[in-house]
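Chains as they are written, first to last, in the working numbering: chain H, 1360 to 1557; chain V, 1360 to 1557. Don't be surprised by glycine CBs; every beta carbon is placed ideally from N, CA and C.
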DNA sequence: GTCTATAATCCGATAGAC
DNA sequence: GTCTATCGGATTATAGAC
């Protein structure tokens, strides 16, 4: 039979079609409730195409995870590159995460909410990923330079990013009804007041 | 055949055996990777007993969820009953959660980490549960009494409990290597400094 | 490379003896 | 009430045509 996408100019590569469909289904139903048949239907491709591009169901989730965690790490990297103090770097990271939550809620939810270790075999905890370690290191560098009060590295990271991460979860769950960037200044000034050296 | 537990005095009721086994398996493998056969083996009871006590797999998770969320709500209720200011109530709640994390890490993880909406049909988001709403209300009452700075209710709750909740996740994931109660005073004094009226 | 149809497996739930 | 054995259905993955 004629390939499903051969007669019209394809807007997205098949790999992207599949990953987009998977992200949407994982967000709405969760990984285990989304069968590959669901993904196949949602992406409007065949089973053959799925298994031509990915070795199996877990590989789809793994590719998505790596892609999205990479995007998040890039947000952190940009925040570091564009600023030169712990305070401004933290604030820029939170700003980027808040904006990412509004523009790509499904991506943000997949990274922050999903229990990856339940479906990705031998994956390390997400807190040990580069993105989260770099966030911790921003604050810890501030401790070493005297800009931030003396604290254990993970305590400092929890103080700096805990409130913002909590608000992202509440926003994704529909508890907070206004866009997060509107709260950035308030949250950040309170947060920074708590941890800055004095 | 003779009932599996009939010849020795049973230490725990069968319902409890099943729920304990389920909690342990959910913690280590996740709900969807733990089959009913796994639970049956781990609890050392038969399939017949499982279905005599519960209507199905989801009902086990639902019972566990209700039990554990009830325990957590009781911790919050006690913290409210034993204290009379927003500050001391918040601190007591965080203290109880930190201790609960150390004494019952699997229970704490099931409540704070698991994606319940993926396996409990028609369950509201956990943030809207009584335990979490009461935590928010403790802080919001402080706002209304002038003890806490003026903020949106969920913002105030995120500021008050976000760092502590983040530390619990990091502790459960093995990133933080010392018992959380050791960090209570440091975390709470910084947190309270950030939100108290001045 | 893409497609449909099918195979192999696993899981939740039930039947029926005791 | 507890037990074992089994069924039906869903799911992942593959075979083989085009």
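Which listed residue (H/1429, H/1449, H/1488 and H/1394) has its alpha carbon closest to that of residue 1497 of chain H: H/1449
Straight-line Cα distance separating residue 1432 of chain H from residue 1504 of chain V: 41 angstroms
For residue 1494 of chain H, the first and last residue of its enclosing alpha helix (DSSP H): 1489-1504
Neighbourhood of residue 1540 of chain H by C-beta distance below 8 angstroms, restricted to the same chain and skipping five residues each side: 1454, 1457, 1458 and 1461
Option in V/1466, V/1486 and V/1412 with minimal Cα separation from residue 1512 of chain V: V/1486
Sequence-distant residues of its chain with Cβ nearer than 7 angstroms to residue 1522 of chain V (five each side left out): 1546 and 1550
Bridge-paired residues (DSSP) for residue 1555 of chain H: H/1507
heavy atom of the ligand HEM below 6 angstroms from residue 1378 of chain H C-beta: This structure does not include the ligand HEM; it has no bound ligands of any sort.
Cutoff 7 angstroms: residue 1474 of chain H Cβ touching any chain V Cβ: yes
Residue 1387 of chain H classed as buried or exposed, judged by whether at least 16 other C-beta atoms fall within 10 angstroms: exposed
Close-in-space but distant-in-sequence residues of the same chain around residue 1399 of chain V (CB under 7 angstroms, 5 per side omitted): 1405, 1406 and 1409
CB contact below 7 angstroms: residue 1542 of chain H versus chain V: yes
Selected residue, minimal CA-CA separation from residue 1514 of chain V, among H/1507, H/1538, H/1506 and H/1444: H/1538
Proximity below 7 angstroms, CB of residue 1435 of chain H to CB of residue 1490 of chain H: yes
Residue 1524 of chain V: contacting residues in chain H (beta-carbon distance under 8 angstroms): 1521 and 1525
Cβ-based contacts, 8 angstroms cut-off: residues of the segment 1442-1456 of chain H near chain V: none
The segment 1411-1418 of chain V / the segment 1462-1469 of chain V touching (three or more Cβ pairs under 8 angstroms): no
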